[in-house]
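To keep things clear, I will list the structure first and then write my remarks on it.
Residue numbers (the working numbering), protein chains in the order written: chain A, 75 to 696; chain B, 1124 to 1581.
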């Protein structure tokens, strides 16, 4: 029997990050997958990033994870969204070459030291006395490990439905584990059933792009990774087209044949990516919906129809697509479908992503009820890190809500749970202005260094940037502009008002009209790398708001630092409201801060807990 | 938790000196900014536990009152936190002004039992009191669910809901365009944002303007009965108490941590100076005499002057009537069942037609009119608000004040066309603060609304 430190079940976006992180931290790792042909496979849209998701990718990169670097290489179009809406919500989104991304990740995983990649159907997680011992495959092989990370995505008892067609399957016709769910239930894991879906893929040769609106990538070359390795990039356009009342009529006339309505789909689907039939039912007054046609890669004719996820029968999917401008003669290569799958109720997990009752069992990604490649990768990275730290006897790494979107994501999951596939959104982050995608490295690379995932190349480029930034901010704060005639003239040329008394350059940069580049030219400042100049501008212009958010963080931290002992019997505290006592007993928060975020726990309940804790402390002292 | 709180810490009628207590990390800072000591001394560690003489000066540099101030450094204070106590002589008005100044300088109104709660958490009061404090918190939330208070709360919640709905709608529209940049959602214009924010701001200000009345309803109207001996003050009080609608209750002080008596007459809460004394000794106030009455009048919000209608005005009566000048007052001409010797017309000419009431404590004639008068007096100030909504709770008033600041900032940001992410900080701040009043959490609501309103996603 082979002995590993960490076994990861599933080699999707969560599994790959988990396995790579654990192996890079020195663990002996087994990564299993039902098919080697689906390593880091993108079963849905061929893209990475977007609002909040792009932030997650940058955070993964800042910590030393893989997704950003691979997405940069696989990228065939990159755009920075929301540039007019403020730095906090700038969002990088890439179209990815799907087969390329899979091949690249597979190559990286295959060549990672300490990592074995195997095609295996895992039937069982072996647990003794609430401690993980290993896994058993359908072949009868047993692999031993003190830590097992579930990263089963949408495969677990997966069932594909479109129209009357329905069969047990993972995404794209792969085998779906049938026995693992029972094993998980047997060891005491609580499961939920969720649903998601994907649209049809159509043949690029059969599309009339002249009837659609092209969407090009940005001229400026962006990268997710702070290592910024890709300098030039071949980009291809996407195309925008719309549904119309004829499309909607066909869909409406056939609703009863949709998997969503014919009773074949059991799981709870996400509101944020509704199927086209759900959109038409819920937003009946909208006479058109936009569709983006996204290429699946440079070496394939498959085109993804974003906005048209459906579980209608294949013939209906073809029929309504033919009503859409540019798609009149389209050939469908794969039908869209809905997929039902088992996942864990994340309320069973600690913030380290380890199961509360089963020592050594971790879970990450869609198996925790999330959706999206980026959300999965972020959790995978943290699960891999924390599994290794557990083995090394180190304290788990828990990223705070004020430190990163990764922290918001995991805290939401383990504190509030979720009733539908959870998608990251910038509006979920209360400290959004601090958690910008531009400063993910400043926020998290020192932590990545401490964890041990930041290599010397990343660390030296990071420290160089950080030091230059700090020196620049210091010297700008110390350099004053006097209200001389010459300076006033310069200011007028910069399009800004005159100054009354001397003012530091940092103060001057707070003015909306003045960029670092302009100020540098006018006042003879050194030229800076673009990322540093941008950082200087953001920190100057957002200073007041950043301060406001920092004060909020400081206030919240006081509650975060008040820890709740694991032994509390909430139901015995009669001053708590009944609802609060029940919720607290279920979630078992680690701190008053976490308790305060549970819905149904009021500020009065928090006061009661504070007094209870103090009373308890004093009783113990006596 | 560890913000700085302040409140009047003395009960009415317990002497002429009033104490304002400020507790929390900002106490010294607030104290230093409000207090100018005579000489070169300054509040701070070097003057720990020493009484300093000086003045309280408002933001404009005006002297509010002559005071003694003491700083008690943590942990050697009542609450175990840094505490500054201001002892002032200038009566209720000055105390209220000083209190308001402490709010402006960053303190917030203390909640019921909050000084004691902090004292407990910091180990300053003993274990036995722990459950009592938890009881207060529990009782407060139960009380809030009952009777007239709940009704008022419901009205306030509705008023706030209207505002939140508008603000949330704006936030949802902004968030949807942020989280779904590629969807065809109508962009929000700065003008429309300014309009919504300005409307909400106006509503918050309206509600805030009722906070004073709300405070009376919450804490009781600080009332004092004055009059020379034997005009019938205690009979009047007893008559009021005989009314079936009168409830006398020992309630924990709302801005102070002492037990105080509140008399609820037909829903009008009165805090009567020394009432316990009047009722037990029968004629306690009678013994205090005019000199003491004056001191007590300094601290009252409403002075009820009682005259004996069956006699012509005595020198003492005239002296009392003179002392009413510039105060909120009502003149009661008692013994209205007897032949009136008092010149009513002259009194009405001097104090106003509806500030002079004739009644008989003995026969109860005219008592109803007096009760109606009190009601009108208390609620008149609040009637300007929409639907008669009153902000009664100190915490609510404070949250509204915070919401006002957030909305001011948001309006300025939107006016200057700052990016969405900046405007959103204050908009969501305001939503959070308003939501804390109604007990609604913002972030889930916004996300729910985004999906309910917009058709988004693949």
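Glycine included, C-beta positions come from ideal geometry on N, C-alpha and C.
Please read these numbers as outputs of a predicted model, since none were measured by experiment.
Close-in-space but distant-in-sequence residues of the same chain around residue i (CB under 6 Å, 5 per side omitted)
i, result
"residue 573 of chain A", "557"
"residue 1268 of chain B", "Per-residue confidence for residue 1268 of chain B stands at a pLDDT of 44, beneath the threshold of 50, marking its modelled position as unreliable; no derived number is given."
"residue 257 of chain A", "198 and 199"
"residue 1506 of chain B", "Residue placement at residue 1506 of chain B is poorly supported in this model, since its pLDDT is 45, which falls under 50; the coordinates are not used for a value here."
"residue 340 of chain A", "267 and 414"
"residue 472 of chain A", "425"
"residue 1331 of chain B", "1523"
"residue 408 of chain A", "275"
Contact belief for residue i with residue j at Cβ below 8 Å, rounded distance in angstroms
i, j, result
"residue 346 of chain A", "residue 275 of chain A", "The pair is not a contact, with the Cβ atoms about 21 Å apart (cut-off 8 Å)."
"residue 461 of chain A", "residue 80 of chain A", "5 Å"
"residue 1544 of chain B", "residue 162 of chain A", "4 Å"
"residue 251 of chain A", "residue 108 of chain A", "7 Å"
"residue 410 of chain A", "residue 272 of chain A", "6 Å"
"residue 1302 of chain B", "residue 538 of chain A", "Their Cβ separation, rounded to whole angstroms, is 34 Å, which puts residue 1302 of chain B and residue 538 of chain A out of contact at 8 Å."
"residue 146 of chain A", "residue 297 of chain A", "5 Å"
"residue 1348 of chain B", "residue 1429 of chain B", "6 Å"
"residue 614 of chain A", "residue 583 of chain A", "4 Å"
Residue i - partner residues in DSSP beta bridges
i, result
"residue 1158 of chain B", "B:1179"
"residue 437 of chain A", "A:224"
"residue 428 of chain A", "A:436"
"residue 288 of chain A", "A:313"
"residue 169 of chain A", "A:121 and A:151"
"residue 1428 of chain B", "B:1349 and B:1454"
"residue 1141 of chain B", "B:1211"
"residue 423 of chain A", "A:429"
"residue 76 of chain A", "A:217"
"residue 1500 of chain B", "Paired residues: none, contrary to the question."
Residue i - containing beta strand (DSSP E), residue span
i, result
"residue 1309 of chain B", "That residue, residue 1309 of chain B, is in no beta strand (DSSP E); it is neither H nor E in DSSP."
"residue 368 of chain A", "364–369"
"residue 1130 of chain B", "1128–1131"
"residue 1211 of chain B", "1206–1211"
Neighbour flag for residue i against chain E, beta carbons, 8 Å
i, result
"residue 126 of chain A", "The structure shown contains no chain E; its protein chains are A and B."
Own chain residues within Cβ distance below 7 Å of residue i, not counting five before or after
i, result
"residue 431 of chain A", "204 and 262"
"residue 98 of chain A", "527"
"residue 1174 of chain B", "1191 and 1193"
"residue 674 of chain A", "653, 654 and 657"
"residue 167 of chain A", "121, 123, 124, 128, 153 and 155"
"residue 1297 of chain B", "1311, 1543 and 1547"
"residue 592 of chain A", "568"
"residue 211 of chain A", "194, 195, 196 and 197"
Delimiting residues of the alpha helix (DSSP H) encompassing residue i
i, result
"residue 1313 of chain B", "1313–1332"
"residue 190 of chain A", "Careful: residue 190 of chain A lies outside any alpha helix (DSSP H), inside the beta strand (DSSP E) at 189–193."
"residue 684 of chain A", "677–695"
"residue 610 of chain A", "604–615"
"residue 572 of chain A", "Looking at the DSSP string, residue 572 of chain A is not in any alpha helix (DSSP H), and its letter there is neither H nor E."
"residue 91 of chain A", "87–98"
"residue 660 of chain A", "652–661"
"residue 488 of chain A", "479–490"
Contact set for residue i: own chain, Cβ-Cβ below 8 Å, skip 5 residues either direction
i, result
"residue 356 of chain A", "348"
"residue 1287 of chain B", "1554, 1557, 1558, 1561 and 1563"
"residue 456 of chain A", "426, 427, 438, 471, 473, 480 and 484"
"residue 1653 of chain B", "In the structure as shown, chain B starts at 1124 and stops at 1581, and residue 1653 of chain B therefore has no counterpart that could be examined."
Counting beta carbon pairs with one atom in the region 1516–1529 of chain B and one in the region 1548–1560 of chain B, are three or more of them shorter than 8 Å? yes
Three Cβ pairs or more, each shorter than 8 Å: is that satisfied between the region 317–332 of chain A and the region 152–163 of chain A? no
Three CB pairs or more closer than 8 Å across the region 284–294 of chain A and the region 512–528 of chain A: no
For the region 489–498 of chain A against the region 445–459 of chain A, are there 3 or more C-beta pairs whose distance is under 8 Å? yes
The region 183–194 of chain A contacting the region 530–537 of chain A, beta-carbon criterion three pairs below 8 Å: no
Would the region 130–137 of chain A count as touching the region 478–487 of chain A if we require 3 or more Cβ pairs under 8 Å? yes
Does the region 544–551 of chain A come close enough to the region 605–614 of chain A that 3 or more CB-CB pairs lie under 8 Å? yes
Could you tell me whether the region 1219–1232 of chain B touches the region 1158–1168 of chain B, using the rule of 3 or more Cβ pairs below 8 Å? no
Counting Cβ pairs closer than 8 Å, one from the region 1202–1219 of chain B and one from the region 680–693 of chain A, do we hit at least three? no
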